[in-house]
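Taken in order, these protein sequences are the chains called A, B and C.
Take the first sequence: its letter number 69 is residue 69 in this note's numbering, and every next letter is one higher.
Add 103 to a position in the second sequence, counting from 1, and you land on the number used in this note's numbering.
Add 521 to a position in the third sequence, counting from 1, and you land on the number used in this note's numbering.
In this text, a Cβ means the ideal position worked out from N, Cα and C, and glycines have one as well.
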Amino acid sequence: MAKYDYVEKAVKVSRREFLGIMGVAGAVLWTGAYAATDLVQDRNKYIKMRIAGLYKDDVKSKVRQSHNNPALREMYQKFAGKPLSPLAEELLHTRYVDRTKLV
Amino acid sequence: MKGLQPSELQGIIEINKKECKGCDACKTFCPTNAIEGKYGAVHRINNEKCVSCGQCLTNCPFGAIKDTVDRVDLVIEKLQSTKYTVVASVAPAVRVAIGEEFGMKPGTLVTEKMNGALKQAGFKLLDTNLAADNTIMEEGSELVEKIRHYILGEKTEHHLGKLPQFTSCCPAWVKYVEDNYPQIIPNLSSAKSPIMMAGPVAKTYGAKEIWQVEPEKIYMVAMMPCTAKKFEASRPEFTSAAEYWKTQGREGHYPDIDAVLTTRDLARLFKKLNIDLNTVKEYDGSDDPLSVYSGAGTIFGNTGGVMEAALRTAYYVITGKELEVLSLEPVRGLKGVKDASVTMKDAKTGKEITLRVAVAHGIKENVVPLIEQIIAGTSPYHFIEVMNCPGGCVNGGGQPINPMGTSWVEQYKAFLPW
Amino acid sequence: MKHFDPNGPRVLKHPLQSRLFHWGLILGFMPAAITGFLIWLKPLNETLMNLVMQVHIVGAAILTISCALYAIFCLDRVVAFIRLSFTWGKNDIEWMKVSGGYPQKMFLGKEIEVPPMDKVNSGQKIFGICLLLGGTFLIISGWLLYAFLPFAPKIMSYWMGFGHLYLGLFLGMFMFVHIFLGVYNWGEFKAMFGDGTQTLEEARHHNPLWVQNKIQTLQERDMVEDIDEDDDEDFDEGSLETQ
């Protein structure tokens, strides 16, 4: 056992001070947690805003369906014929590659 | 390098060894586990597995990952030379994000300002949204052919792939399939992506009918929200225009798309030319016949957008009537896998068809179950849209980096690196 | 080194809770600080850097748990520490001006007169403030950088990383200064790593104001406790009587 003759006087934390500390600690922790969960929940907000922007572009468009696009119709009329035509297959369709077989 | 065709770009995305802290944040977003390096050590990208999607790049908190392909100066050179007709094809997702590089809020729709800036810089326009409409016509017709053949039992003259049909506009998704699930290649739509249709259209129909210039003199620049498009444009098979002209007696070797700029690259190009998107003169596209697009084309940038656009046309082709309610809510939003059913009455036979469709985005977490269903033969779907990037192309690897956000759209998961 | 009579009366300077907490800090903060330097410089190969990182996480966990337990179970000592560190007077300014007499003693062998100090001298107060504020930030930012990177706003992660690095470097270096001075003051070292006691003479030399105002004999402590208990009984009796 340690032998000593003197000891520090007790550190007095009054009830008021104790409640004060707890109050401040609670407020800091709660505010921090609230802010943190808010920020984390909003992490995708920028994506949602961009998505909304494009749906807005859709709603304000004069033509809403691809098959009604006049410039596209003209392209098919004057050039490609119709979808899946031989020219369309040649220019607008493709084949894929089994890359596991590529050295 | 294994798994790559000659001329394909590799190492588009690169981790800066000096900046990397080994924090493992990038690994949580990589759809192909292409990032190597233990926790705490400097990381590196395995170029054989990498699909160049850029999700690691946009999510690195320390900006330690970069896009190594920079064509801005080359494009400016072409703009300033009198030899070329430089055509810009801008993706839908760019017009709701490029404003962010000029101080605007995310999602600000700046089509007229963007087109004004492009016009001022000297570009002609072929809006990728028009090419997206083109993709719907081709891919939608392919889907309808498959439905008529496989479901209604009619004969077909076309060489058809299988059902369910996967969209093929996302180059990261396409390379993912080619690398990891080549057995479902027959399920990929044979239609090219919108931009890869825009290239040949510009250098054939555009050259002949619209701008009246020689096809070799057209310099096609794609402005994309996507770093994987830089890979896609370098695929050796994408020289359809030059091959077409060869059959018409014109020699020449040139790719369908000459250069790809990301949204970030495009903002830099504008700034280099002293064009400020806030003050530029707006342009409604009236001098560019190929800048006309439909609402269906523009929603291609959103997860579920391709599906909605395709259904608007598929419904019309099958039933002969337009859809009354154009917005298909079940395929909208950030849920990882969304599905919907659309019932329609075939005008030709009077039979009732119910199309079951699915939309997946964020390949890392959401696409494998759908693929495994197909391999097992138990998939209930006819048409599946897949976008690599969470949220769709609007959150692509080439978009402006948003400092207050991350791409993690799923629920909280405890990532405790070790 | 001044020699104090080892046989005189002794005072308990560092009670058991404080000594245990100090051990917790050593086992936690020291590996974290040293591995922290290595993580910043990355001089080793991949496998070793990974091991270094793992040691860093374990040290950080020990540090966090030690601090949390100490705050919960020894709130009075935490309050005492904060009160001491944040109480500054003219004595402290004067002490800082002569650096507590340490450089003069170390380099010139000269002992100079130094303003009287409480339990914690001015230099230790500065260390205390830095540790309290910096250490708290290191712990919070550290756990964010470990478990929350895919979810936290990137700009926040960036600045937390920046603060974590530079505060870590600063406190890490300060830690080595602390170790050096702690060893230099051998009596203090023996107290903290031994039974927590010093001779009254030595304590009076380094911390005269503490000895003067804040300590008591064991009998005084026991009496005060008795009086406190009696007070309660007296109080009850008193209230009955006044009625």
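Taking buried to mean at least 16 other C-beta atoms within 10 Å of its own C-beta, is residue i buried or exposed?
i: M300/B; result: buried
i: D58/A; result: buried
i: S296/B; result: buried
i: K62/A; result: exposed
i: L266/B; result: buried
i: K534/C; result: buried
i: A517/B; result: exposed
i: D42/A; result: exposed
i: G423/B; result: exposed
i: I583/C; result: buried
i: Y55/A; result: buried
i: T307/B; result: buried
i: I633/C; result: exposed
i: L92/A; result: buried
i: F697/C; result: exposed
i: E723/C; result: buried
i: T522/B; result: Absent from the structure is residue 522/B, since the part of chain B shown begins at 104 and ends at 521.
Suppose you measure from the CA of residue i to the CA of residue j; what does that come to, to the nearest Å?
i: V197/B; j: N232/B; result: 11 Å
i: D613/C; j: P729/C; result: 14 Å
i: C123/B; j: R147/B; result: 9 Å
i: T330/B; j: D38/A; result: 31 Å
i: A336/B; j: P358/B; result: 8 Å
i: K227/B; j: L291/B; result: 32 Å
i: T608/C; j: C651/C; result: 14 Å
i: A479/B; j: P285/B; result: 15 Å
i: E758/C; j: M744/C; result: Residue confidence for E758/C is low, a pLDDT of 42 falling below 50, so the modelled location carries little weight; the figure read from the coordinates is stated next. Each residue's Cα considered, the two are about 20 Å apart.
i: N528/C; j: Q719/C; result: 10 Å
i: N571/C; j: A36/A; result: 29 Å
i: Q764/C; j: F594/C; result: Low confidence applies to Q764/C: its pLDDT is 42, below 50, so where it sits in the model is not reliable, and the reading given next is rough at best. The alpha-carbon atoms of Q764/C and F594/C are separated by roughly 41 Å.
i: M681/C; j: D127/B; result: 16 Å
i: E90/A; j: G309/B; result: 16 Å
i: E139/B; j: I287/B; result: 27 Å
i: A668/C; j: K441/B; result: 29 Å
Could you tell me which of the options sits nearest to residue i, measuring between CA atoms?
i: T365/B; options: W521/B, R174/B, M104/B, C126/B; result: R174/B
i: E257/B; options: E488/B, K454/B, C492/B; result: K454/B
i: G189/B; options: V409/B, V324/B, M207/B; result: Residue identity check: residue 189/B is Val in the sequence provided, not Gly. Looking at the Cα atoms, V324/B is the closest of the given residues.
i: V497/B; options: L107/B, V280/B, V193/B; result: V193/B
i: G157/B; options: F165/B, P134/B, K141/B, W314/B; result: P134/B
i: G53/A; options: L437/B, K208/B, L473/B, N469/B; result: K208/B
i: L559/C; options: F542/C, M574/C, L739/C, F683/C; result: M574/C
i: K121/B; options: G302/B, D361/B, E151/B, K169/B; result: K169/B
i: G715/C; options: K646/C, S539/C, M677/C; result: S539/C
Would you please verify whether the beta carbon of residue i is less than 8 Å from any beta carbon of chain F?
i: Q77/A; result: Given the protein chain composition of this structure (A, B and C), no chain F is represented.
List, in order along the chain, the chain A residues whose C-beta lies closer than 8 Å to that of residue i?
i: Q108/B; result: V97, L102
Quick one: list the residues of chain A neighbouring residue i, beta-carbon separation under 7 Å, in chain order.
i: A601/C; result: V11
i: R738/C; result: First, the residue type needs correcting, since residue 738/C is Thr and not Arg in the sequence shown. Per Cβ cutoff of 7 Å: D5, Y6.
i: D236/B; result: S66, N69, L72
Between residue i and residue j, is the Cβ-Cβ spacing less than 8 Å?
i: Q65/A; j: Y396/B; result: no
i: Y526/B; j: V512/B; result: Because chain B here runs from 104 to 521, residue 526/B falls outside it and cannot be looked at.
i: L690/C; j: F658/C; result: no
i: I51/A; j: G494/B; result: yes
i: V383/B; j: Q183/B; result: no
i: D236/B; j: L72/A; result: yes
i: N149/B; j: A137/B; result: yes
i: T406/B; j: V462/B; result: yes
i: V732/C; j: L721/C; result: yes
i: P328/B; j: G499/B; result: yes
i: G655/C; j: L692/C; result: yes
i: L246/B; j: A399/B; result: no
i: N218/B; j: Y46/A; result: no
i: I298/B; j: A234/B; result: yes
Since residue i meets chain C, which of its residues come closer than 9 Å, beta carbon to beta carbon?
i: C126/B; result: L666, Y667, L670, S678, G682
i: A517/B; result: A668
So residue i contacts chain C; which residues on that side make the cut at Cβ distance below 8 Å?
i: R43/A; result: F672, A673, P674
For residue i, which residues in chain B fall below 7 Å Cβ to Cβ?
i: I560/C; result: G143
i: V573/C; result: G143
i: P86/A; result: Near P86/A there are no residues of chain B at all, since even the closest Cβ is about 10 Å away, more than 7 Å.
i: E567/C; result: G140, K141, A144
Residue i touches chain B at which residues, Cβ-Cβ below 8 Å?
i: L57/A; result: The identity of residue 57/A in the sequence shown is Asp, whereas the question assumes Leu. By Cβ distance, chain B contributes P195, R198, V199, L212, T214, G398, T401, I402.
i: K563/C; result: G125, A144, V145
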